[in-house]
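To keep things clear, I will list the structure first and then write my remarks on it.
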Amino acid sequence: DGGITQSPKYLFRKEGQNVTLSCEQNLNHDAMYWYRQDPGQGLRLIYYSQIVNDFQKGDIAEGYSVSREKKESFPLTVTSAQKNPTAFYLCASSSKAGDSNQPQHFGDGTRLSIL
Amino acid sequence: DAKTTQPTSMDCAEGRAANLPCNHSTISGNEYVYWYRQIHSQGPQYIIHGLKNNETNEMASLIITEDRKSSTLILPHATLRDTAVYYCIVRVISLSTQGGSEKLVFGKGTKLTVNP
């Protein structure tokens, strides 16, 4: 089935560690996004990528990094500089960047917790 | 900085229509209205979107007022599995030198509970 796969579903991090969250899509979508969701809150945009080898900061990029070496993959690294990393992380994709008539589709998320 | 206003919670009887309202009085002429829902611990699920005209798909109907300042999502025959948080979103467009992209500005949504 076509879709967006995020892994792992649950992730635990020790203080001072970097961790990488995986996001893969087989929808042949150009644009990919990373959002963060905190309990009882809406989603906030971390980074987005319109095409391969390009990405832009969103509203809360500090303490995060991304890469887009392949069209189907957009991994997110949560670095030790992110002081409050515990959250639910959601990856999304859409067929064409800048086309507001194309919906973003989401994966099932990764829940990151600090040990 | 959500551009929409929704009731915090609603209840609906199983089998009845669920009508979820949304106000977006500051919407611009080229901004679409999107609806997503989120079941606990899952990613948001796309439901429907529209610009001016009413829209219908296999999941729901979207009614947009003529002045586009509000809309209503209609689930025609609600089931227990429709219990979720429903988000009404106005698509925000930003342009860069390499083209356009957009983010979804989620508010807190409406918690819909479908009761047996």
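These protein sequence lines are chains A and B, in that order. The first sequence begins at 12 in my numbering and counts up by one. The second sequence begins at 153 in my numbering and counts up by one. For every residue, glycine included, the Cβ atom is placed at its ideal position computed from N, Cα and C.
Which of helix, strand or coil DSSP assigns to residue i
| i | result |
| --- | --- |
| R220 of chain B | coil |
| L203 of chain B | coil |
| L56 of chain A | strand |
| L38 of chain A | coil |
| R233 of chain B | helix |
| H176 of chain B | coil |
| T249 of chain B | Note that T249 of chain B scores 47 on pLDDT, short of 50, meaning its location in the model is unreliable; the coordinates nonetheless yield the value given after this. Coil at T249 of chain B, not helix or strand. |
| F258 of chain B | coil |
| K155 of chain B | coil |
Close-in-space but distant-in-sequence residues of the same chain around residue i (CB under 6 Å, 5 per side omitted)
| i | result |
| --- | --- |
| S18 of chain A | S33 |
| M162 of chain B | T262 and L264 |
| Y21 of chain A | R122 |
| C174 of chain B | T156, Q158, S223 and C240 |
Through-space distance from residue j to residue i, alpha-carbon basis
| i | j | result |
| --- | --- | --- |
| E80 of chain A | V257 of chain B | 27 Å |
| Y58 of chain A | W187 of chain B | 22 Å |
| R122 of chain A | D49 of chain A | 10 Å |
| G109 of chain A | Y198 of chain B | 18 Å |
| S193 of chain B | L264 of chain B | 16 Å |
| P196 of chain B | V266 of chain B | 18 Å |
| R220 of chain B | S177 of chain B | 7 Å |
| S124 of chain A | N206 of chain B | 42 Å |
| E210 of chain B | P114 of chain A | 16 Å |
| P96 of chain A | E218 of chain B | 43 Å |
Chain-order list of residues whose beta-carbon lies under 8 Å from that of residue i (same chain, five-residue window excluded)
| i | result |
| --- | --- |
| Q28 of chain A | S91 |
| T235 of chain B | I191, L264, T265 and V266 |
| P86 of chain A | T31, L32, S33, C34, V77 and S78 |
Run of the beta strand (DSSP E) containing residue i, from where it starts to where it stops
| i | result |
| --- | --- |
| I125 of chain A | T121 to I125 |
| M162 of chain B | S161 to A165 |
| R24 of chain A | Y21 to R24 |
| V185 of chain B | V185 to Q190 |
| S104 of chain A | A98 to S105 |
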